[in-house]
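S.K.: If you read the sequence shown in the UniProt record's numbering, its first letter stands for residue 1, the second for the next number, and so on.
Even for Gly, the Cβ is constructed at its ideal location relative to N, Cα and C.
Note that the coordinates shown come from a computational prediction; the quantities given were computed from them, not determined experimentally.
Dropping the structure in here first, questions after.
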Amino acid sequence: MSLLRLADVQYLATGQKIIDHVSFSLSKGEFLTLTGPSGGGKSTLLKLIATLLTPTAGEIYFKDKKQTDYEITTYRQQVSYCFQQPSLFGETVYDNLIFPYTLRNQNFDKQRAESLLQLVDLPRDYLLKKIVALSGGEKQRIALIRNLMFLPDILLLDEVTAGLDEKSKNIVHDLITTIQKENVAIIQVTHDAEEIKKATRTMWLEKGTLINEPISR
């Protein structure tokens, strides 16, 4: 059984085809890269999978059930999307890391939060750090671990290392490697040649169309 399956998915905006008859499947624990020229539809496809956009035609299936049959919050707890530009809120890191627990009406797991902070090379006392005092790389790391307070089935990464310094890039790469070992499926959008090499499968998307067969490693 595929964890995720896209069946002839299309997406139109202002009468223009942005995603054109895209079909593929994703297995549990698989690491898939979407690459191709800018403006080819990669980020749009990720947003369709994340329910941030709705397909014009075709179907997206998650665990053999139509995406549209899921309650949206339940779906997003299992299919987690990370933006290229980190979107943090509130005043502190704590405000962000408690959010997944608030959604689930569960008590905050401080030990889990501190463990994840250390995993991305941030001290445990960063829980009280003000958002305005964070660097761009630190904000991205906080955004990522917020999505991992509860491990999702699928993690969607939309060029999350774009614009990061080398240190932050390497930390994010190490985090992705660790997540893979937890059998989380990953779909990343990237232009970075080194990041593409890390994936188990690569697909090229151009003008909204998959123009070649997936490349497996």
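Going by Cα to Cα distance, which pick from 27, 30 and 150 is closest to residue 101?
M.R.: 150
S.K.: Which two residues bound the contiguous alpha helix (DSSP H) that contains residue 166?
M.R.: 166-181 is the span of the alpha helix (DSSP H), which, as asked, contains residue 166.
S.K.: Got a sec? Which residues, its chain only, sit under 8 Å from residue 193 by beta carbon, not counting five neighbours each side?
M.R.: none
S.K.: Between the C-alpha atoms of residue 107 and residue 56, what's the straight-line distance to the nearest angstrom?
M.R.: For residue 107 and residue 56, the distance between alpha carbons rounds to 39 Å.
S.K.: Just to confirm my understanding: we take residue 196, look at its own chain, exclude 5 residues before and 5 after, and list those with CB closer than 8 Å. What are they?
M.R.: 33, 35, 190 and 202
S.K.: Let's test the definition: count the other Cβ atoms within 10 Å of the Cβ of residue 98 and tell me whether it reaches 16, buried, or not, exposed.
M.R.: buried
S.K.: Between the region 62-71 and the region 83-97, can you find at least three pairs of beta-carbon atoms closer than 8 Å?
M.R.: Between the region 83-97 and the region 62-71, the count of C-beta pairs closer than 8 Å stays below three; the two stretches do not touch.
S.K.: Closest to residue 48 by CA distance: which of 30, 22, 129 and 71 is it?
M.R.: That would be 22, whose Cα lies nearest to the Cα of residue 48.
S.K.: Inspect the beta-carbon positions of residue 46 and residue 156 and report whether they are closer than 7 Å.
M.R.: Going by C-beta atoms, residue 46 is nearer than 7 Å to residue 156.
S.K.: Going along the chain, which residues of its own chain have a beta-carbon closer than 6 Å to the beta-carbon of residue 93, five neighbours each way excluded?
M.R.: 126, 127, 129 and 142
S.K.: Of the residues 59, 207 and 104, which one's Cα is nearest the Cα of residue 73?
M.R.: 104
S.K.: Quick check: residue 62 and residue 180, are their CB atoms within less than 7 Å of each other?
M.R.: The Cβ-Cβ distance between residue 62 and residue 180 does not fall below 7 Å.
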